[in-house]
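**Student:** Encoded as structure tokens, here's the structure I'll be asking about.
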Amino acid sequence: MTTTTAEKITTKLPPLIPREILFGNPERTSPKLSPDSKYLAYIAPDEKNVLQIWVRTIGQEDDRQLTADKKRGIRMYFWTYNEHQLIYLQDADGDENYHLYQVNIQSNMVRDLTPFQGVKAQVIDLDHNFPDQILVGLNLKNPQSFDVYRINLNNGAVEFDTHNPGNIVGWTADAKFQILAAATITEDGGSDLLYRETTEKSWETMRHWGPDEDGGPSFFSNDGKTLYISANHDANAIRLLGLDLATREEKVIAEDPQYDISGSLTHPITRAIEAVGFYKDKLEWQILDDSIAADFEFLKQAHKGEFRIVSRTLEDNNWLVAYFTDDGPVYYHTYDRTAKTITFLFSNQPQLEGLQLAPMEPISYTARDGLTIHGYLTKPVGVPTPAPAVLLVHGGPWARDTWGYRPQTQWLANRGYVVLQINFRGSTGYGKDFLNAGNREWGAKMHDDLIDGVNWLVEKGIADKDQVAIMGGSYGGYATLAGLTFTPEVFAAGVDIVGPSNLITLMQTIPPYWEPLKKVFFHRVGNLETEAEFLQSRSPLFFVDKIEKPLLIGQGANDPRVKESESTQIVKAMEDAGKAIEYVLYTDEGHGFARPENRLHFYAIAEEFLAKYLGGIFEPVGNIEGHSGVVH
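Spelled out as structure tokens, the structure:
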């Protein structure tokens with residue numbers, strides 16, 4: 004970047020936002036009402052800046068810390084229907100072998116409900132009619148599959164419930180808290196819907212979906228006569244269907260011709276479906292129950308942003324509502340349905356309020372083969388275009404970017420960069436035709452969509468073609484490596500976070516419990532057993548000689564999905580080829596950076612790296628205490 008352009012950016016930008024605000028812990032987040040409406044729980048840092056579960060009595064200010072996690076912090080928790088009990092999941096340094104813990108909100112006593120070494124726990128279901136029990140999936144007998152266990156919340160007793168023959172990847176309980184439906188992965192990479200009338204009966208295959216379809220059970224009706232399924236057979240997009248278990252007939256509950264369903268709202272007692280969400284450019288709702296129509300209309304007008312109901316009491320008189328914006332924190336409110344009043348609780352990051360954050364704009368463009376690609380564009384406040392840009396690629400890849408505040412996006416925009424986030428083919432949410440267009444296209448048409456997005460930015464005069472970097476995590480890290488090897492002329496620099504470099508070794512080292520999904524990977528990526536040459540042709544590791552531009556890699560040592568070796572092997576290959584590489588390994592992290600000290604350390608390095616090659620402003624790295632990063 005020329006000095007003139009750099010000075011232009013520096014003088015026009017709003018004040019630099021400290022990384023501590025952008026990547027530090029939230030002040031308070033993830034609030035949830037207890038089912039009996041007596042308590043509010045939330046996550047907040049303790050005096051050592053470790054995220055813990057806190058609780059307060061509704062209507063009082065008696066907030067107190069419940070847990071005492073020593074280092075990693077707690078991120079996932081649930082209220083049980085057992086009085087005074089919460090449960091939460093925690094792993095060890097990112098290994099994703101989650102244990103399920105129970106904490107009593109009166110005594111603060113914590114109990115590990117799944118104290119098994121090297122075993123992963125999955126919460127399957129909680130039910131208000133069975134307040135003393137929880138259904139949990141554990142790969143205790145076989146590391147590759149999860150059987151169902153019933154755990155007593157009073158004494159911690161673990162009882163075996165349902166055997167997994169090896170190919171079941173999802174379980175569904177009915178209103179009597181019995182496992183009566185399941186989803187399997189089949190040999191062709193498709194899936195089957197299994198059902199049994201009682202736990203004594205044998206499983207029956209109700210429906211098969213091919214490898215280019217998607218489907219599975221969602222939940223049972225209260226009377227057990229209907230199984231609601233999410234599926235896209237006979238349609239492009241995933242619909243919510245009601246399957247009559249007596250007649251085997253299906254009824255469409257909610258659908259959109261282009262967009263998959265993204266969730267549903269059901270009554271906490273009756274299980275009646277009240278609304279179904281579809282994530283388009285932003286979240287939209289189809290109201291199915293007129294009794295909540297006035298509530299939704301009121302909430303839509305009460306505060307700016309997208310609202311979501313994140314918690315509700317069993318009586319259903321009180322909702323906890325979150326409002327998401329693109330230029331500020333998440334705002335949490337309680338909503339009294341009877342009085343039609345809304346009361347502000349708190350925002351997750353008050354320090355963001357009043358800052359000059361950049362708006363996120365939905366965009367679309369046409370790829371080189373005519374496919375419409377959607378995404379989001381964030382322009383730095385006050386910076387004239389064309390400006391340096393960062394293509395920020397989402398992970399998955401079977402996921403998608405959505406509208407709203409994102410720390411990475413605002414960090415880049417505040418430093419003077421245009422940020423482009425693209426839902427390339429293979430991303431979810433846009434129907435099966437769009438998803439399947441990404442089959443076997445890693446490093447090919449999926450990558451072409453990214454390059455076409457960069458070209459669109461340049462043609463619109465938004466970005467300088469010589470000042471575009473690529474950055475991302477997981478698949479986004481792979482896309483970064485692909486960008487610097489397959490299209491080295493496009494990018495000025497790349498930042499890869501936990502990205503695979505070799506598709507062969509990636510599939511050879513997947514976690515054991517992903518083994519049933521291997522057939523899906525074979526169909527959507529390439530067959531490890533018969534197509535090694537093809538997979539090698541799509542693996543950046545074998546093209547390091549093409550790398551011409553600077554590369555920064557960040558990796559967690561305990562990553563179970565993308566092993567540390569995925570980074571070290573390309574680092575070694577580059578060093579052997581005499582190419583410069585910056586590599587940071589975090590010894591207590593997994594697939595991403597959970598600890599704030601590590602986030603702050605990596606993004607400080609990345610910020611200086613991008614400033615060096617794109618010319619944006621940067622906050623000095625400084626002395627970041629407590630991180631585990633080892634710089635190579």
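Using our numbering, count along the sequence shown one by one with no gaps and you end on 635. For glycine and all other residues, C-beta sits at the position ideal for the given N, C-alpha and C.
Report all residues from its chain with a CB closer than 7 Å to the CB of M4; omit the five preceding and five following residues, and keep chain order.
**Tutor:** Since pLDDT at M4 reaches only 44, below the 50 mark, its modelled position is unreliable, and no value is offered.
**Student:** In the DSSP assignment, the beta strand (DSSP E) including I584 goes from what residue to what residue?
**Tutor:** Premise fails: I584 is in no beta strand (DSSP E) and is neither H nor E.
**Student:** According to DSSP, E162 sits in a beta bridge with which residue or residues?
**Tutor:** R153
**Student:** Count the other CB atoms within 10 Å of the CB of K448; is the residue buried (16 or more) or exposed (fewer)?
**Tutor:** buried
**Student:** Can you tell me which of L243, K228, R242 and D404 puts its alpha carbon nearest to the alpha carbon of A249?
**Tutor:** K228
**Student:** Which residue spans inside the region 295-373 form an unbroken alpha helix (DSSP H) run of at least 4?
**Tutor:** 296-305
**Student:** How is the alpha helix (DSSP H) around V523 delimited, first residue to last?
**Tutor:** K521 to R527
**Student:** Counting along the chain, where does the alpha helix (DSSP H) carrying D455 start and finish?
**Tutor:** K448 to E462
**Student:** For the beta strand (DSSP E) that K285 lies in, which residues bound it at each end?
**Tutor:** Segment: none, K285 is in no beta strand (DSSP E) and carries neither H nor E.
**Student:** Kindly indicate which residue of P17, P18, L16 and P29 has the alpha-carbon position closest to the one of P599.
**Tutor:** Of the candidates P17, P18, L16 and P29, the residue whose Cα lies closest to the Cα of P599 is P29.
**Student:** Fully enclosed by the region 53-141, which beta strand (DSSP E) runs are 3 residues long or longer?
**Tutor:** 54-60, 79-82, 88-93, 102-107, 113-115, 124-128 and 136-141
**Student:** Expressed to the nearest angstrom, what Euclidean distance is found between the alpha-carbon atoms of D195 and I188?
**Tutor:** If you draw a straight line from the Cα of D195 to the Cα of I188, it comes to about 7 Å.
**Student:** When the Cα of R527 is compared with those of A160, G429 and T32, which residue comes out closest?
**Tutor:** G429
**Student:** Thinking Y42 and R59 are a contact (beta carbons under 8 Å), I'd like their distance in whole angstroms, please.
**Tutor:** 7 Å
**Student:** Would you list the one or two residues that DSSP bridges to I182?
**Tutor:** A176
**Student:** Answer with buried or exposed for L638, where buried requires no fewer than 16 other C-beta atoms within 10 angstroms of its C-beta.
**Tutor:** Since the first and last residues shown for the chain are 4 and 635, residue 638 lies out of range.
**Student:** Between which two residues does the alpha helix (DSSP H) containing H211 stretch?
**Tutor:** Note, H211: premise wrong, no alpha helix (DSSP H); beta strand (DSSP E) at E207 to W212.
**Student:** Consult DSSP for T7 and reduce its assignment to one of helix, strand or coil.
**Tutor:** Bear in mind that the predicted position of T7 carries a pLDDT of just 49, short of 50, making it too unreliable to give a figure here.
**Student:** If you follow the beta strand (DSSP E) that V633 is part of, which residue opens it and which one closes it?
**Tutor:** G632 to V634
**Student:** For the putative contact between L197 and E207, defined by C-beta atoms under 8 Å, what is the C-beta separation to the nearest angstrom?
**Tutor:** 7 Å
**Student:** Relative to the alpha-carbon of N158, which residue among T381, D135, T175 and Q109 has its alpha-carbon at the smallest distance?
**Tutor:** Looking at the Cα atoms, D135 is the closest of the given residues.
**Student:** Would Q413 be called buried (16 or more neighbouring beta carbons within 10 Å of its own) or exposed?
**Tutor:** buried
**Student:** From which residue to which residue does the alpha helix (DSSP H) around V574 run?
**Tutor:** E567 to D579
**Student:** Among the residues of its own chain, which have a CB less than 7 Å from the CB of P410, if the five just before and after it don't count?
**Tutor:** L25 and F26
**Student:** Taking DSSP's pairing of strands, which residues face H377 in a bridge?
**Tutor:** According to DSSP, H377 bridges with S367 and N426.
**Student:** Specify the secondary structure class of I46 as computed by DSSP and reduced to three states.
**Tutor:** strand
**Student:** Apart from the five residues just before and just after A485, which ones in its own chain have a Cβ nearer than 6 Å to its Cβ?
**Tutor:** G446, H450 and P543
**Student:** When we look at the beta-carbon of E252 and count the other beta-carbons within 10 Å, is it buried (16 or more) or exposed?
**Tutor:** A residue is called buried once 16 or more other Cβ atoms fall within 10 Å of its Cβ, and E252, having fewer, is exposed.
**Student:** Spatial neighbours of L116 within its chain, please: C-beta separation below 7 Å, excluding the five flanking residues on both sides.
**Tutor:** L103, Y104, Q105, I154 and G159
**Student:** The beta strand (DSSP E) spanning K35 covers which residue range?
**Tutor:** T32 to L36
**Student:** Which residue from D284, K285 and L323 puts its Cα closest to that of L302?
**Tutor:** Nearest of D284, K285 and L323 to L302, Cα basis: L323.
**Student:** According to DSSP, simplified to helix, strand and coil, what is V547?
**Tutor:** helix
**Student:** Do you know offhand how far K35's Cα is from G407's?
**Tutor:** 21 Å
**Student:** Which residue comes first and which comes last in the beta strand (DSSP E) that contains K615?
**Tutor:** Counting along the chain, K615 falls outside any beta strand (DSSP E), though it belongs to the alpha helix (DSSP H) covering P599 to L617.
**Student:** Output needed for G266: all residues of its chain with C-beta closer than 8 Å, excluding positions within five of it in sequence on either side, in chain order.
**Tutor:** By the criterion of a C-beta distance shorter than 8 Å, G266 is surrounded in its chain by V279 and G280, once the five residues flanking it on both sides are discounted.
**Student:** From the DSSP output, which residues share a beta bridge with F223?
**Tutor:** L230
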